[in-house]
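So this note's numbering is basically just the index in the sequence shown, starting at one, shifted up by 509. I have placed the structure first, in the form of structure tokens, so that the comments after it can refer back to it.
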Amino acid sequence: MADWKTNLSFSDRLTETAKMQSVNPDYPSSEATKHAKSTEENARKSALTLQEYHELCAKEVDFLLKSLPTGNLEDRHVHEHVAPNLPTHGVQIGRYINAQHYNDGLFSEVFKAIDPDADNAPNSPTPTKLVALKITTPEMMQPPHDSRREARILASAAKSAHIIPLLHTFEQAGGHFVLVFPFLPLSLIDLLTHPNTPLPRSTTQPLLRDLFSGLAHLHRNGIIHRDIKPSNLLLASPRGPVYLSDFGIAWSSADPGSEPPEAKILDVGTTCYRPPELLFGHRGYGTALDLWAAGCVAAQVVALGRETLFDAGDLGSELALIRSVFETLGTPTDEDEGGVWPEAREFPDWGKMDFTRYPGREWREILPEAEPDARDLVARLVVFESGRRLRADEALRHPYLN
510 MADWKTNLSF SDRLTETAKM QSVNPDYPSS EATKHAKSTE ENARKSALTL QEYHELCAKE
570 VDFLLKSLPT GNLEDRHVHE HVAPNLPTHG VQIGRYINAQ HYNDGLFSEV FKAIDPDADN
630 APNSPTPTKL VALKITTPEM MQPPHDSRRE ARILASAAKS AHIIPLLHTF EQAGGHFVLV
690 FPFLPLSLID LLTHPNTPLP RSTTQPLLRD LFSGLAHLHR NGIIHRDIKP SNLLLASPRG
750 PVYLSDFGIA WSSADPGSEP PEAKILDVGT TCYRPPELLF GHRGYGTALD LWAAGCVAAQ
810 VVALGRETLF DAGDLGSELA LIRSVFETLG TPTDEDEGGV WPEAREFPDW GKMDFTRYPG
870 REWREILPEA EPDARDLVAR LVVFESGRRL RADEALRHPY LN
């Protein structure tokens, strides 16, 4: 069991120690060096295999990266792509080497790897060797998840500066289909969960402009993302640019693999970012679905930070989410004249249950910390009646973003 330790070279240990040292918030102090050496030694002692040793070291690097102060977040993208922080071990997937497991999706695994032919990827937003490999098995996926449709939609949306570039796709033994993207180590989650939030206006404006610019491009091309949330908004640095990512459940009017327009799948979106039309069974939803979710994201960006505008409870139930929406915005009415949500009368599940009549609340009460024009932007997006929500191109013209 200890044989692997005899094969662990001093150079390998030094490399792992240097990685942890370079991303430590206290670098280049002696404390950072001591911590890195101690952590590496503990990993060597506790690991049962060489792979586990490297995984323990990688987890510590990731933890340190997430704890960097905002100023150091600026350097996180750089740290990921330079020696000694490039992966030095791992498996080969296609032409990509030193691939290490990075994340899991419902029907996918994501690996971080080195592209030995990085110069052949001119569309990448980063002049680096690191790529993200999204490994899927199409035959095992369940609707609305479809990685081949994802690749087609990304190819059709490629002209936007704020859509993650699809660099390459290839087939892998075992029925796997692999999508290759630039590796971007930051997402909006990193900014929102940082202790220094709320973010300054000089940061929030360009981030939200990028978000709505990407959505405007998608919507002009008949594409609905269907899963807008902070973790799907990747960044090259804390100031942006923002790239919309994860098109695994996206819908396109031009793609033969998408559902009929009036019979779309309801099981889309993520818990507290799901709009009310989904919760009441409306299958004919449109691009306004993305705008509700974008409004929820905007509320976090301009005021709430890590907290979400609505709460679906620990189990993420639809009833808990409905209650949270109604408690926050007031229980809607469906009258033609003066009703908050007249389109709801056409929804299959509207009227099946009686809900407590919560009074409407002012947005200055809901988002007291936000600037007035930021509050107004959110208020024009998080609207029950989908046709009354700002379109993405209209959001770009809103005073807060100009």
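We treat Cβ as the ideally placed atom computed from N, Cα and C, and that holds for glycine.
Residues near residue i in its chain [Cβ-Cβ closer than 6 Å; skip 5 each side]
| i | result |
| --- | --- |
| Val619 | Tyr611, Asn612, Ala641 and Lys643 |
| Ile672 | Ala666, Gly723 and Leu753 |
| Val849 | Pro841, Thr842 and Phe893 |
| Glu525 | Glu549 and Cys566 |
| Thr597 | Thr524 |
| Ala797 | Ser895 and Arg898 |
| Tyr909 | Asp882, Ala883 and Leu886 |
| Val811 | Thr713, Ala879 and Ala883 |
| Ala821 | Thr780, Cys781, Ala829 and Leu830 |
| Asp521 | none |
| Gly757 | His654 and Glu659 |
| Arg657 | Pro647 |
Which residues DSSP lists as bridging residue i, in chain order
| i | result |
| --- | --- |
| Tyr752 | Leu743 |
| Lys474 | The displayed coordinates of the chain run from 510 to 911. Any statement about residue 474 would go beyond what the structure contains. |
| Asp613 | Glu618 |
| Ile606 | Ile623 |
Secondary structure of residue i, DSSP reduced to three states
| i | result |
| --- | --- |
| Phe519 | helix |
| Ile733 | strand |
| Ile698 | helix |
| His671 | coil |
| Asp512 | helix |
| Ser665 | helix |
| Asn551 | helix |
| Ile758 | coil |
| Ala763 | coil |
| Ile774 | coil |
| Phe572 | helix |
| Asp843 | coil |
| Arg792 | coil |
| Thr526 | helix |
| Pro707 | coil |
| Lys861 | coil |
| Ser895 | helix |
| Glu648 | helix |
| Asp719 | helix |
| Pro653 | coil |
| Ala821 | coil |
Limits of the beta strand (DSSP E) - the one that residue i falls within
| i | result |
| --- | --- |
| Phe620 | Ser617 to Ile623 |
| Glu680 | His677 to Gln681 |
| Ile602 | Val600 to Ile602 |
Beta-carbon contacts of residue i that lie in its chain and below 8 Å, excluding the five residues immediately before and after
| i | result |
| --- | --- |
| Phe864 | Ile831, Arg832, Phe835 and Thr840 |
| His685 | Ile644, Thr645 and Thr646 |
| Lys668 | His726 |
| Gly731 | Ser761, Ser762 and Ala763 |
| Gln651 | Phe616 |
| Asp776 | Pro653 |
beta-carbon residue i near the ligand SAM non-hydrogen atom, thresh 7 Å
| i | result |
| --- | --- |
| Leu905 | With respect to the ligand SAM, the structure shown offers nothing to examine, as it has no ligands at all. |
Opening and closing residue of the alpha helix (DSSP H) in which residue i lies
| i | result |
| --- | --- |
| Asp799 | Ala797 to Ala808 |
| Arg889 | Pro881 to Leu890 |
| Leu828 | Glu827 to Leu838 |
| Pro785 | Pro785 to Leu788 |
| Glu816 | Element bounds for Glu816: n/a, residue is neither H nor E. |
| Arg870 | Careful: Arg870 lies outside any alpha helix (DSSP H) and carries neither H nor E. |
| Asp902 | Ala901 to Leu905 |
Contacts around residue i, its chain only, beta-carbon distance under 7 Å, and the 5 residues preceding and following it disregarded
| i | result |
| --- | --- |
| Pro715 | Arg748 and Gly749 |
| Pro868 | Gly839 |
| Glu903 | none |
| Ala552 | Tyr562, Leu565 and Cys566 |
| Leu824 | none |
Open item on the list: So, does the stretch 811 to 831 touch the stretch 741 to 751, judging by three or more C-beta pairs under 8 Å?
Closed with: With a cut-off of 8 Å, the stretch 741 to 751 and the stretch 811 to 831 do not count as touching, because too few Cβ pairs lie within range.
Open item on the list: Can you confirm whether the stretch 788 to 804 touches the stretch 682 to 702 when touching is taken to mean that 3 or more C-beta pairs between the two stretches lie within less than 8 Å?
Closed with: no
Open item on the list: Under 8 Å: do the stretch 799 to 813 and the stretch 731 to 738 share three or more Cβ pairs, one atom per stretch?
Closed with: yes
Open item on the list: Check whether the stretch 556 to 566 and the stretch 513 to 520 touch, using three or more Cβ-Cβ pairs below 8 Å as the test.
Closed with: yes
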